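In my numbering, the protein residues as written are 2 to 219.
Structure record follows, encoded as structure tokens.
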């Protein structure tokens, strides 16, 4: 073996080792310990929600199910809302190309909680893993209900992302059992809003439908 071959072999081995170390260094018991989980009551309607602490953030571990005139139940059934949570429109006049309606954004979450900004979503994703990454999605997804094409998750942090899909403006549901889409409180452009999509990986996208909502603690 000549010097160039030896150098390449050593460099490749070091790179593979570093990748392995990065993968193995993530520890759920440190990032999101069970001691940081519990429940709280939304005093507006008495509903009880689970929460989980991930890094320095405290997240609802269930989709919001607070009834408003800008929310919809899947199949218009209360039992479906109790399970999947509600699908919300947070844009002005329910316009898919509209600006955020900040009266909605500021009032939809329970007292002491708020709609996460895009930066807060990215902080969560970076603590759990990274964008566009299968393992990160697995750590956030619930352990059942996902279509076999997408795989159910390991739910390491008890975030329990459900594959509720999203509702188009005409009321048709898309990607049920295949993806989860969540609102942020951040405009992407003058006519679009950042959202986060969890499916086979985790994407930072833009809202174009009625979507589920996770609140984060103030």
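Cβ coordinates follow ideal geometry from the N, Cα and C atoms, glycine included.
As the structure is a computational prediction, the values presented were derived from the model and not from experiment.
- Could you check the C-alpha separation between residue 159 and residue 100 for me, to the nearest Å? 32 Å
- Give the single residue among 43, 55, 50 and 218 whose Cα lies nearest to the Cα of residue 1. Residue numbering for the chain in the displayed model covers 2 to 219; residue 1 lies beyond these limits and cannot be assessed.
- Message: From the DSSP secondary-structure annotation, give me the bridge partner or partners of residue 212.
- Response: 89
- Query: For residue 179, which residues from the same chain have a beta carbon less than 8 Å from its beta carbon, with the 5 sequence-adjacent residues on both sides left out?
  - Reply: 147, 148, 150, 151, 164, 166 and 200
- Task: Could you please give me the residues that DSSP links to residue 200 through a beta bridge?
- Result: Answer is none; residue 200 lacks a bridge partner.
- Looking only at its own chain, which residues have a Cβ that is under 7 Å from the Cβ of residue 93, when we skip the five neighbours before and after it? 99, 100 and 102
- Could you tell me the boundaries of the alpha helix (DSSP H) in which residue 138 lies? Where residue 138 is concerned, the enclosing alpha helix (DSSP H) stretches over 135–141.
- Query: Regarding residue 198 and the ligand NAD, is the C-beta to nearest heavy atom distance less than 7 Å?
  - Reply: In the structure shown, the ligand NAD is absent, as is every other ligand, since no ligand is present at all.
- Distance, residue 44 Cα to residue 23 Cα: In this prediction, residue 23 scores a pLDDT of 49, lower than 50, which makes its location untrustworthy; no coordinate-derived value is stated.
- Simplified DSSP state of residue 50, which is helix, strand or coil: Strand, per DSSP.
- Query: Are the CB atoms of residue 218 and residue 59 nearer to each other than 8 Å?
  - Reply: Residue 59 sits close to residue 218, with the two beta carbons spaced by under 8 Å.
- Determine the direct distance from the alpha carbon of residue 119 to that of residue 32, and round the result to whole angstroms. 20 Å
- Query: What did DSSP end up calling residue 207 once you bin it into helix, strand or coil?
  - Reply: strand
- CA-to-CA distance, residue 202 to residue 112, given in whole angstroms: One Cα belongs to residue 112, the other to residue 202, and the distance between them is close to 31 Å.
- Kindly indicate which residue of 216, 34, 205 and 41 has the alpha-carbon position closest to the one of residue 134. 205
- Task: Starting from residue 186, follow the beta strand (DSSP E) in both directions and report where the run begins and ends.
- Result: Residue 186: member of the beta strand (DSSP E) spanning 181–190, first to last residue.
- State the start and end residues of the unbroken beta strand (DSSP E) segment that holds residue 76. Element bounds for residue 76: n/a, residue is neither H nor E.
- Item | Boundaries (first-last residue) of the beta strand (DSSP E) holding residue 220 | It is not possible to answer for residue 220, since the shown part of the chain is limited to 2 through 219.
- Message: Using a Cβ-Cβ cutoff of less than 7 Å, which residues in the same chain neighbour residue 176 once the five nearest sequence positions on both sides are dropped?
- Response: 166 and 167
- Once you ignore the five residues that flank residue 1 on each side, which residues in its own chain have a CB closer than 6 Å to its CB? There is simply no residue 1 to check, as the chain begins at 2 and stops at 219 in what is shown.
- Message: Could you pull the DSSP bridge partners for residue 37 from this structure?
- Response: DSSP output for residue 37 lists no bridge partner at all.
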